[in-house]
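Visitor: Mind looking over this structure? Questions follow.
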Amino acid sequence: MAKIKDIISFLENRIPKSLSMPGDNDGFALVPDSEKELDCIALALDVSLDSIEFAKSVGAQLLLTHHPTIFSPLYSLKDSDGVGKRLLKAAQAGIALAGYHTRLDAIDGGVNDTLCALVGIKDVEKFEDGLGRVGYLEKPMSYGEFCAHVGKVLGTEKVTGINTGKTVHRVAVVGGSGKGSFYDAYRTGADTFLTGEVAHNTLLDGRDLGMNLVLATHYRTEVVVLPPLGEMVKEAFPHIKLHFFGDNL
């Protein structure tokens with residue numbers, strides 16, 4: 010049977026740190042026992058008290074997420090702090106924590122490739138930084154048609170944005186927060202930028218520079234990667250049971 014250290018080695022090789030954006034503290038955040046046998050993994054977008062409790066309830070030895078557990082340096086572990094409370098709860102349950110963030114956005118078959126496939130974007134190319142994607146819809150759509158289509162395939166009615174009046178054909182894609190990728194998307198020549206959320210001033214930039222923005226929520230544009238991530242693990246470790254947690258934040 011596989012051990013925690015085996016899944017660490019597999020994931021760190023399959024989703025290499027070299028693909029992470031600078032300052033992204035992703036990967037394994039908590040390993041109570043690297044020699045512990047592993048036969049069950051819980052997958053979630055975030056490490057939360059609820060997702061840890063879910064992992065515990067299904068007998069998982071690892072909670073595998075997209076978002077990292079620790080975003081900023083920690084100088085102490087206290088249950089009066091959100092991050093500390095989550096780490097302590099997982100440690101007490103003997104559950105390892107790992108989150109693969111921007112490297113899972115960038116990797117082939119990761120967040121952004123999965124989004125493109127679901128939405129029907131073809132002839133996909135990578136942004137210069139390797140993170141985002143850009144390609145074409147098979148048939149151009151109006152802005153309203155495209156928003157309705159995105160909402161349907163992602164399972165959300167919370168699709169907003171900026172309609173510049175341009176037809177949607179060449180679409181740039183970044184799951185989650187697109188705030189830092191707006192100009193990368195703009196430089197691709199896309200008429201539309203599909204992402205989860207941006208800052209208010211980014212909406213103004215889109216309007217004034219003539220690029221549609223389609224915001225389909227941070228959660229819905231990233232949670233799509235969990236099934237492919239699970240499949241990746243399952244191919245290497247067929248005996249491992251997978252359980253998916255959804256909190257729909």
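Numbers 10 to 258, taken from the working numbering, label the letters of the sequence shown in order. Think of the CB as a built atom: it goes at the ideal place given N, C-alpha and C, for glycine as much as any other residue.
Quick check on this structure: which residue in GLU154, LEU113, ALA115 and LEU106 has the alpha carbon closest to the alpha carbon of VAL128?
Guide: The count along the sequence shown starts at 1 and reaches residue 128 at position 119. Nearest option by C-alpha distance: GLU154.
Visitor: Enumerate in chain order the residues of its own chain whose CB-to-CB distance from ARG216 is below 7 Å, with the five nearest sequence positions on each side excluded.
Guide: Locating residue 216 in the sequence shown gives position 207, counting from the first residue. Hits under 7 Å: ILE171 and THR173.
Visitor: Ignore the nearest five residues each way along the sequence and tell me which others in VAL162's own chain have a CB closer than 7 Å to its CB.
Guide: Within the sequence shown, residue 162 is the residue found at index 153, counting from 1. Result list for VAL162: LEU127 and VAL128, in chain order.
Visitor: Give the list of continuous beta strand (DSSP E) stretches no shorter than 3 residues that lie fully inside the segment 120-151.
Guide: Counting only runs of 3 or more, we get 130-135 and 142-150.
Visitor: Compare the C-alpha of LEU20 against each of LEU106, VAL182 and THR165 and name the closest.
Guide: Within the sequence shown, the letter at position 11 stands for residue 20. Nearest option by C-alpha distance: LEU106.
Visitor: Thinking C-alpha only, which one of LYS131, VAL168 and MET150 is nearest LYS175?
Guide: Here the question's residue 175 lines up with position 166 in the sequence shown. The candidate whose alpha carbon is nearest that of LYS175 is MET150.
Visitor: If distances are taken between C-alpha atoms only, which option among VAL223, TYR109 and GLY255 comes closest to LYS26?
Guide: Within the sequence shown, the letter at position 17 stands for residue 26. When each option's Cα is compared against that of LYS26, the closest is TYR109.
Visitor: Is PHE155 helix, strand or coil by DSSP?
Guide: Your numbering for residue 155 matches position 146 in the sequence shown. Residue state, collapsed to three classes: helix.
Visitor: Distance, Cα to Cα, LYS2 vs THR211?
Guide: There is no way to answer for residue 2, as the model of the chain reaches only from 10 to 258.
Visitor: Under a three-way DSSP split, which group does VAL182 fall into?
Guide: Numbered from its first residue, the sequence shown carries residue 182 at position 173. Three-state DSSP puts VAL182 in a strand.
Visitor: Could you check if GLU231 is buried or exposed, using at least 16 other CB atoms within 10 Å of its CB as the buried criterion?
Guide: Within the sequence shown, residue 231 is the residue found at index 222, counting from 1. Buried, because 16 or more other Cβ atoms sit within 10 Å of the Cβ of GLU231.
Visitor: What does the alpha-carbon distance come out to for the pair TYR192 and ASP48?
Guide: Stepping through the sequence shown from its first residue, residue 192 is reached at position 183. Stepping through the sequence shown from its first residue, residue 48 is reached at position 39. Cα to Cα, the separation comes out at about 43 Å.
Visitor: Tell me, to the nearest whole angstrom, how far the beta carbon of ALA53 is from that of ILE104; I am working on the premise that it is less than 8 Å.
Guide: Stepping through the sequence shown from its first residue, residue 53 is reached at position 44. Stepping through the sequence shown from its first residue, residue 104 is reached at position 95. Between ILE104 and ALA53 the Cβ distance is about 12 Å, and since that is not below 8 Å, they are no contact.
Visitor: From VAL159 to GLY185, what does the alpha carbon distance come to, in whole angstroms?
Guide: Counting from one through the sequence shown, the residue named residue 159 turns up at place 150. Counting from one through the sequence shown, the residue named residue 185 turns up at place 176. Using only the alpha carbons, I get a separation of about 14 Å.
Visitor: Where does GLN70 land, buried or exposed, given buried means 16+ other C-beta within 10 angstroms?
Guide: As a position in the sequence shown, residue 70 is number 61, starting the count at 1. It counts as buried.
Visitor: Should SER186 be counted as a contact of the ligand SAM given a C-beta to heavy atom distance under 7 Å?
Guide: The ligand SAM is not part of this structure, which contains no ligands at all.
Visitor: Can you give, in chain order, each stretch of the alpha helix (DSSP H) that sits fully within the segment 50-134 and has at least 4 residues?
Guide: Those alpha helix (DSSP H) runs which fall completely within the segment 50-134 and span 4+ residues are 58-66, 91-102, 111-115 and 120-128.
Visitor: Assign GLY205 to buried or exposed, taking buried as 16 or more other Cβ atoms, counted over all protein chains shown, within 10 Å of its Cβ.
Guide: Residue numbering aside, residue 205 sits at position 196 when the sequence shown is read from its first letter. It is buried - the Cβ of GLY205 has at least 16 other Cβ atoms within 10 Å.
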